[in-house]
Each structure stands twice: as structure tokens, then as C-alpha cells.
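Q:
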Amino acid sequence: MIIRKAAFFLVLATIVFASDDPKDSENAKSSIRFTPKLIGSYREKVRRMFYHAYDGYLNHAFPLDELKPITCVGQDTWGSFSLSLIDALDTLLVMGNTTEFRRAVTLVLEKVRDDANVNVSVFETNIRVVGGLISAHMLAGRHKDLVKEWEGYPCDGPLLKLAVKMADRLMPAFNTDTGMPYGTVNLKYGVHKDETPITCTAGVGTFIIEFGTLSRLTGDDKYEKVALKALDALWSTRSPIGLVGNHINVQTGQWTATDSGIGAGVDSYFEYLAKGSYLFRRPSLMKQFHEHATSINKHVRKGDWFMWVSMAKGAVSLPIFQSLEAFWPGTLTMVGDVQDASRIMLQYSEIIRKYGFPPEFYNIHNEEPVDKRSAFPLRPEMVESLMYLYRATKDETWLELGAEMVDAIESSARTKCGYATINNVKEHNIEDRMESFFLAETTKYLYLLFDPDNFIHSKGDQARILTSSKNLTCILYGGGYIFNTEAHPVDPGMLDCCSIQAKREQEVGEKEVSTGDHLEQRNLTEKGGEKYYENQYGKKEELIQYEVDEKMKAEAEKKKAEEKSQQAMDKVRTFLMRAYLKDEAKQRNGESSESAKQLLDQLLKAYPNHTQELENVNKEALYLFEEQQHLNDIREIVKDIPIPDLFCNGCSYPLHEIVDSVALRVMMADIYEYHIYPNRKVKFHHGPVCWLEETPRIEDNYKNEPPSVHTDKWNSALFDSDMVVLSNFLGDDDIEEIRKFGFKYLLAPGYKDIDRRIGGQNIALKRKKAWYYEV
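Residues -18 to -1, 1 to 757, numbered by mature numbering (1 follows the signal peptide of the UniProt record, and there is no 0), are exactly what the sequence shown covers, in order.
Right under this line is the structure:
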């Protein structure tokens, strides 16, 4: 009893003497003066760090997914995508290396396949592969010569095409009763029939950035719709106190793991609500984020730490800090809550100063890493938040913490061919793995932290105007980039350019003006041309570059001719196939017929300059004919398989439906003869079973149908005049959302003077309180 009273008075004293005096946090103030020279030296350290890891991967691991940096060999981890190379593409451009970027793009296009027979994580493939390809496509315009070779850029290109193919391979995962996706899909075959429906929260709510971007770039809204449907379904399952759990059944919507927090399994769901709201101007997503944040602060947050709690009651279940939680201050900074973000980061900084980098799990009560969870796999979340905070406040405290992490990684994680995972942050021993996010995120955020003039940080005073082959004028690279959760930046200007509304506007422009410069159609020259932009953006030098490729018109004409030629060949293929079918039908009746050969000879004689093309088309027609013949043969065999015949009238058992699979027909006969009919006491004739066997097809074990997505029809009349500027909305539901919620959720509060100098001078850490001892 005396001990408990002593503990009580100790806690009470801690609370009473907790002070908000700015002097209490003087120890957090940066003790190093970061001159431009010192900042530049750390930027160069990070650059060398990236290239040491990048070169090590290419020399020892490519085309496998990852480098094992101790043994200097490669390994496949997430699907055999050459994952580290895809993840590194945009980092090369962030660091200004357009030459290596071009070479790397060639390697990716040569090596990466979207149809491999491999099971992949839907979540990881989306954020790393789809996100990496999208970002590389968007930033490729910084390599002027490269994109001149990509017809249709910025709304088309080989990297974008590959991203679309990858996303299409993931779409069957969304074909569930709730719209929330499965966690695993086979790229070639789809979702296995026995695939578990249990998926983590982040695996449901982390698609809107990538899929929404694909919809805006391609004009196909199915991607954005499935992502939004998944978010809506997840939002509808929150608990009465506004929390979500960790794992959910995507078929039933029932939670299977009810621990709630902001770390592993949940983190990027909250991140994408905020970022998706900004990128696509959807205030409802920001409203959801703020409501979640309110519930998190009320139930999950204890002081400046975040626990794991019951999603139903808010009772603490695990007093653990996870390194993945360190994204939270960066997200808060994005939405304008800079002071609270700084307070939380100062709490986290104690771990950095103690170990050099954060462990995966840190026991808040014991103030030490959790046993067997004390690794640091070179994660980026802490650095990500440091970058956002420094950009918002310019406080050198964040530079100092970033510099400490650079030095710690360089000292402890470097190997002869890369950087290794820290196995234990207390002992700094290493293990043989370098995850791809080290190249995609950690080095990129560190570089941007120490590169204040990087184009990623543009505030709109730098941009590039590009007119595509379709005569679309785009203002690119003007800033406002939104990073996906793998640190792949998305350019909102390109989304505006390639959105459906921009395409509709272009169609109207083509009707009004058939020829002429698109800049003249927009009347920019009458506004003063370059002088207009100088006045508009305060341009002192040649900051805005004009790129109008005169060759694009000629290339467009060439493309039209090629399309016309292809249409003609398609017709030839159809005629040849019909001729082969006609010949086969006559030959079955004992007649002689060579109409296909005669048709081909006539075509070759009439078009001697197209001999090779005609021969290729003939081969394709013959192949299609043989495939059809094989299918017909299978159907004949299927007809001969006996099935049980019903005596009753009006029975609706679907046994007589036409199928093209012998195995399926035999299986159905077994099911009805031995189970359905006997159990329901239906009279039938027994017939011989399985006299012919067919090897089961692998695809019969998978579901490979994407979800059915309703496509909105465009109706520009529903736009208010002051909403026409919102050019990247896809449908009427977007306008209705703006009318319902207004813009208030998209506006972050302005920085106060105190926010700009809060690193170590104006924020007092909250002290340990009674909840530490009540858990």
C-alpha cells in the first residue's frame, strides 16, 4: 500500500510539474548550424549512398527483385518484377540523372512481364510497381529527347501502358461482395478459389492515389471507381467510436483483428485519405481523415505516443510504438497541423538520438526495443516526416535529425555492395537484405531533405508547357507533387491535362479549329505570351519552358496511315478465316475446295508491296481457324458424355447448359448424379460416368473477372460556371460532392509565426502521465 501511494505521488508530481515553458525543450534545439555548405555535403553523402546501393543491385542482383547486400546476390521477393529497378526510376530523375534513367527504362520495358504465373501481394504490387511506373512515366518529360519518341505523351507512353497492364492484373481482386480487394492475386490467372478473404486495412484503403491517377491519365474511370468503392466500404465498417481494426473479411465486411492504431496494417489508409483528397479534390476523403484523426487523438493517443487499442472500447491492448507510425507527423504537416506534428516528432526524436534509427517495435513503458522486433530495415517513414516538417518550418532541428540518420546508416548498414538491414538497433548488427524501398523512399526523402532547390519543391514558379501530338497543351512540373506511400511522386498538372474534361475540351476545340497552334486557340499570345507568364508568375528568368514539337503533326499523320493499314489487314484476316471455314465444311462433305488459297494468291498478286504483311495475316487466320476447329472437336466430345436425365417437368437444374470443358461436364454429372438428385429425391436415369478424362486446367481454380463498374456519362451541362476550372473531375458525383461538402476540408490552416520556429524553442514535450501505470 505504501509503495502504491508513493507511485501515485510520483505520477502526480510528474503531472503537476510538467511545464509548457519553451525553455523546457531547449535540449531539443539544433546544436549545429547548417550552412549551405554543410547541407550540400549531406546531400552529396545521400547521393553517393543511393548510387552505391543502386550499382550494387544492378551488378549483383538484377533482374531479380532485391539485392542481398552481404552475400552480394539477388533474390525475388514480391513477384519477380526487377522491383528495385522500378522503385529507383523516379529517384534517378529526382537526383538529375536523365541518362541513367533512360537506360533503366529500357531495361524495365525489356524485362518486366505482367503475365507471369506468380502470386503477388495486391497492395505491394500497387504501391511499388504500378506506382513506380506511373511516377516514372510522369517525370520522364524531364528527359526531353526520350519523350519525343513516346507518341501521345504525356497521356500515353510505354511505362504508362505497362502500369495499366499491371493494374488490370490486379482488378480481379476487387471482385468481392463488398468491393474491398483480396490481398493476393495471381498475375496470370486471377484470384484462387481458396484464397483467404482476410486482408489488412491498408490493403483495402491504399489504392486511390495510383488507381485514381490511372483513371485521370487514361480516361478510363474504372480504376478510380473500384478504389473509391473500397474506401467507402471500409469507412462504413468503422466502430461507434470512429476506429478501424487491423484485418477484415473482404467478402462479409466483418473485422477479424480488432486492434486499432496508426502503424502496421493500417497506416497508409489514413495517409491516402488525406493525399487522395488533395490530389483529386475530394473533400469527403478529408472529412473522413479528420474524423479518424479526432478518434485517434481521443482513444489511441496517450501523450505524444500512439498505442494499440480495442476498436470497440478504446482500451489499450499494446503499449508499443512501431516505426511505421512515424509517417503520421508528415501527414499532419500536409493537412496544416504543423505544431502537433512537431510535438510528436520531437517525441520520436528521442529514439533517433538514442539508437540512430527507430526499431520496428519500441516498448513505451520499458523504453527499449521489443525483443526480436528490434530491427531497422532501412525504413523511410521517419525521414519522410522530417522532410515535410523542414519544408514547413525551415527549423534546423529536422536537418540535424536527418543528418544523424544518414551518419548512422552509413556507419552501420554499409556493405561492399549495398546497405543491409540493421538486425538489432542496440547492437547495430546486420542481416542480408536490402528492400527496394531504400532506393525508392529512404534515399529520396533524405536527398529532398538536403536539396531545398529540387524541382520537386517547386511552388509554381517553374513549369514546362508541352503540346502533345493530340494537340493537348499541358502545364507540367509546376509543383504540388503528391507522393504515394512508396514515395513515388504524382504531378497534379499532368492529371489535369489528361483528364476526361481536358479531352472533351480538346474535342470541342478540334471542331471549332481544324488547324493552327493550340496556344493561339487558347488566346495565350494575345495575353502577352512570355510576358504574360512573367507577370502571372513573377518570373525573373526563363523559368517556364515551351516545348512544341513540330514533328508531332507529321507523326500523327503517320499513325493515322498505320491505323488505316491495320484496319485493312484485319478485314483480310476475317475473309481468310471465313474461306478456311468454307473449305473445311466442303471437305467434310467430300467436296474439293481451295477458296482460302485462291483468295491469298489474288491478294499477293494485287498487292506485291505487302507480301510479308499478307503472309503474316494468313498465318494468323490459319491459327484462328485451327483454334476454332479444336474447340469444335472438344464440343463434339462433350456432347457424347452421358448425363443423368430427369423424369420431372419444369426442373431448373442447369445440367444441360452448353460448356466447352470436358472436365466441367464430367464434374457436373457427378455432382448431380451422386449428390443433388439423390438428396432432393429427384428421379433420374443413371448413366456411365467419366469414360473420358481431360487434364484439369489451372485457370479453372481461379476467378479472373474484374468487378462490374458502372461508367458515368459525361454531362458538362451539370457543371456550374465557377466549377469548370475543376478540370480533373470524372463525373457528376464529383460535382455533387463539392456541392455537399464545399471546399473547407481541402483548405489547410495557414502557418502561424510560432509554427515556423517550433523545432526546439516553442514546443514542450508532454510528460509521462498516469496512463503509463494504469495499463
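We put the CB at the ideal spot given by N, CA and C, even for glycine. Just so you know, these numbers come straight off a predicted model, no measurement behind them.
How big is the Cα-Cα spacing for valine 104 and leucine 558?
A: Counted from its first residue, the sequence shown places residue 104 at position 122. Counted from its first residue, the sequence shown places residue 558 at position 576. The straight-line gap from Cα to Cα measures roughly 42 Å.
Q: Classify threonine 17 as buried or exposed, calling it buried when 16 or more other Cβ atoms lie within 10 Å of its own Cβ.
A: Here residue 17 corresponds to residue number 35 of the sequence shown, with the count starting at 1. So threonine 17 counts as exposed.
Q: Count Cβ pairs between the stretch 127 to 147 and the stretch 191 to 201 that sit closer than 8 Å; are there 3 or more?
A: Result yes; three or more Cβ-Cβ pairs closer than 8 Å.
Q: Could you tell me whether the Cβ atoms of phenylalanine 303 and isoleucine 244 are closer together than 7 Å?
A: Reading the sequence shown from its first residue, position 321 is the one you call residue 303. Reading the sequence shown from its first residue, position 262 is the one you call residue 244. In this structure, isoleucine 244 does not lie closer than 7 Å to phenylalanine 303 by Cβ.
Q: Whose C-beta lies closer than 6 Å to the C-beta of proline 340 among residues of the same chain, with five residues either side of it excluded?
A: As a first step, residue 340 is located in the sequence shown; it is residue number 358 there, counting from the start. Answer for proline 340: Ser305, Ile333 and Met364, listed in chain order.
Q: Which residue wins for smallest C-alpha separation from serine 218, given the options Gly201, Asp202, Gly172 and Gln236?
A: Your numbering for residue 218 matches position 236 in the sequence shown. Serine 218 has its Cα closest to that of Gln236, out of Gly201, Asp202, Gly172 and Gln236.
Q: For alanine 10 and threonine 379, what's the separation of their Cα atoms in angstroms?
A: In the sequence shown, counting from the first residue as 1, residue 10 sits at position 28. In the sequence shown, counting from the first residue as 1, residue 379 sits at position 397. Here alanine 10 scores only 49 on pLDDT, less than 50, and its place in the model should not be relied on; the value that follows carries that caveat. Looking at the two C-alpha atoms, the distance is approximately 7 Å.
Q: Which word fits aspartate 96, buried or exposed, when buried means at least 16 other C-beta atoms lie within 10 angstroms of its C-beta?
A: Sequence index remark: in the sequence shown, residue 96 carries index 114 (1-based). So aspartate 96 counts as buried.
Q: If you measure between the beta carbons of serine 367 and proline 311, is that distance less than 7 Å?
A: In the sequence shown, counting from the first residue as 1, residue 367 sits at position 385. In the sequence shown, counting from the first residue as 1, residue 311 sits at position 329. It is a contact, given that the beta carbons lie within the stated cut-off.
Q: Taking only the alpha-carbon atoms, compute the straight-line gap between glutamate 576 and arginine 560 and give it to the nearest angstrom.
A: Residue 576 sits at position 594 when you count from the first residue of the sequence shown. Residue 560 sits at position 578 when you count from the first residue of the sequence shown. Taking the straight line joining both Cα atoms gives about 12 Å.
Q: Excluding the 5 residues preceding and the 5 following residue 761 in the sequence, name in chain order all residues of the same chain whose CB lies nearer than 7 Å to its CB.
A: This structure gives no information on residue 761, because the portion of the chain shown stretches from -18 to 757.
Q: Using only CA atoms, which one of Glu468, Asn598 and Ala603 lies nearest to glycine 426?
A: What you label residue 426 is simply residue 444 of the sequence shown in a count that begins at 1. Sequence check: residue 426 is lysine here, not glycine. Of Glu468, Asn598 and Ala603, the residue nearest in Cα terms is Glu468.
Q: Would you call histidine 119 buried or exposed, if buried means 16 or more other Cβ atoms sit within 10 Å of its Cβ?
A: Along the sequence shown, read from residue 1 onward, the residue named residue 119 stands at position 137. So histidine 119 counts as buried.
Q: Under the three-state reduction of DSSP, which class applies to proline 590: helix, strand or coil?
A: Taking the first residue of the sequence shown as position 1, residue 590 is located at position 608. Residue state, collapsed to three classes: helix.
Q: What's the C-alpha gap between leucine 20 and arginine 373?
A: Position 38 of the sequence shown, counting from 1, holds the residue named residue 20. Position 391 of the sequence shown, counting from 1, holds the residue named residue 373. Using only the alpha carbons, I get a separation of about 17 Å.
Q: On the CB-based measure, 16 or more other CB atoms within 10 Å of its CB, does tyrosine 463 come out buried or exposed?
A: Looking up residue 463 in the sequence shown gives position 481. Looking at its Cβ environment, which holds 16 or more other Cβ atoms inside 10 Å, tyrosine 463 is buried.
Q: From leucine 267 to tyrosine 337, what does the alpha carbon distance come to, in whole angstroms?
A: Here residue 267 corresponds to residue number 285 of the sequence shown, with the count starting at 1. Here residue 337 corresponds to residue number 355 of the sequence shown, with the count starting at 1. Those two C-alpha atoms are separated by around 37 Å.
Q: Alpha carbon to alpha carbon, what distance is there between tyrosine 589 and asparagine 600?
A: As a working mapping, residue 600 is identified with position 618 in the sequence shown. As a working mapping, residue 589 is identified with position 607 in the sequence shown. Distance between the alpha carbons of asparagine 600 and tyrosine 589 is about 14 Å.
Q: With DSSP as the reference, please indicate the residues paired to valine 167 in a beta bridge.
A: Start at 1 with the first residue of the sequence shown, and residue 167 comes out as number 185. Valine 167 is bridged to Val102.
Q: Between His125, Asn99, Val76 and Ala70, which lies nearest to valine 111 when the distance is taken from Cα to Cα?
A: Here residue 111 refers to the residue found at position 129 when the sequence shown is read from its first residue. Nearest option by C-alpha distance: Ala70.
Q: For lysine 204, collect the residues of the same chain with a Cβ closer than 8 Å to its Cβ; drop the 5 residues on either side in sequence, then sort them by chain order.
A: One-based indexing of the sequence shown puts residue 204 at position 222. Closer than 8 Å at Cβ, skipping near neighbours: Met153, Ser197, Pro688, Val691 and Thr693.
Q: Check the DSSP bridge columns for proline 471 and list the partner residues they point to.
A: Start at 1 with the first residue of the sequence shown, and residue 471 comes out as number 489. Answer by DSSP bridge pairing, in chain order: Phe465.
Q: Mind checking which residues open and close the alpha helix (DSSP H) that includes histidine 272?
A: What you label residue 272 is simply residue 290 of the sequence shown in a count that begins at 1. Unbroken alpha helix (DSSP H) run through histidine 272: 265 to 277.
Q: Counting Cβ pairs, one atom from each stretch, are 3 or more of them under 8 Å apart for the stretch 30 to 49 and the stretch 396 to 413?
A: Contact holds: three or more Cβ-Cβ distances are below 8 Å.
Q: Would you report the Cα separation of alanine 385 and lysine 126, rounded to the nearest angstrom?
A: Position 403 of the sequence shown holds residue 385. Position 144 of the sequence shown holds residue 126. Each residue's Cα considered, the two are about 34 Å apart.
Q: Could you have a look at lysine 143 and say whether DSSP puts it in helix, strand or coil?
A: Taking the first residue of the sequence shown as 1, we reach residue 143 at position 161. The answer is helix: DSSP assigns lysine 143 an H, G or I state.
Q: Can you round the beta-carbon distance between valine 282 and valine 248 to whole angstroms, since I take them to be within the 8 Å contact cut?
A: As a working mapping, residue 282 is identified with position 300 in the sequence shown. As a working mapping, residue 248 is identified with position 266 in the sequence shown. Going by Cβ atoms, the distance from valine 282 to valine 248 rounds to 10 Å, so no, they are not a contact pair.
Q: At what residue ranges does the stretch 323 to 393 contain a whole run of the alpha helix (DSSP H), taking only runs of 4 or more?
A: Correct list: 363 to 375.
Q: So what's cysteine 480 in DSSP terms, helix, strand or just coil?
A: For the purposes of this step, residue 480 is identified with residue 498 of the sequence shown, where counting begins at 1. Residue state, collapsed to three classes: helix.
Q: How many Å lie between serine 238 and isoleucine 180 at the Cα?
A: Here the question's residue 238 lines up with position 256 in the sequence shown. Here the question's residue 180 lines up with position 198 in the sequence shown. Contrary to the premise, residue 238 reads as threonine rather than serine in this sequence. Going from the Cα of threonine 238 to the Cα of isoleucine 180 covers about 8 Å.
Q: Which residue wins for smallest C-alpha separation from serine 324, given the options Met369, Arg85 and Lys284?
A: On the sequence shown, residue 324 is found 342 positions in, with the first residue counted as 1. Of Met369, Arg85 and Lys284, the residue nearest in Cα terms is Met369.
Q: Would you tell me roughly how many angstroms separate the C-alpha atoms of arginine 29 and alanine 395, rounded to the nearest one?
A: The residue you call residue 29 lines up with position 47 of the sequence shown. The residue you call residue 395 lines up with position 413 of the sequence shown. Taking the straight line joining both Cα atoms gives about 16 Å.
Q: If you follow the alpha helix (DSSP H) that threonine 425 is part of, which residue opens it and which one closes it?
A: Here residue 425 refers to the residue found at position 443 of the sequence shown. Taken as a continuous stretch (DSSP letters only), the alpha helix (DSSP H) holding threonine 425 covers 425 to 431.
Q: Let's test the definition: count the other Cβ atoms within 10 Å of the Cβ of leucine 75 and tell me whether it reaches 16, buried, or not, exposed.
A: Locating residue 75 in the sequence shown gives position 93, counting from the first residue. Classification of leucine 75: buried, given that the 10 Å Cβ count is 16 or more.
Q: Check the C-beta distance from isoleucine 680 over to tyrosine 171 and give it rounded, since I have them as a contact under 8 Å.
A: Position 698 of the sequence shown holds residue 680. Position 189 of the sequence shown holds residue 171. About 6 Å; that satisfies the 8 Å criterion.
Q: Just to confirm the assignment, what range does the alpha helix (DSSP H) spanning serine 197 have?
A: Within the sequence shown, residue 197 is the residue found at index 215, counting from 1. Where serine 197 is concerned, the enclosing alpha helix (DSSP H) stretches over 190 to 200.
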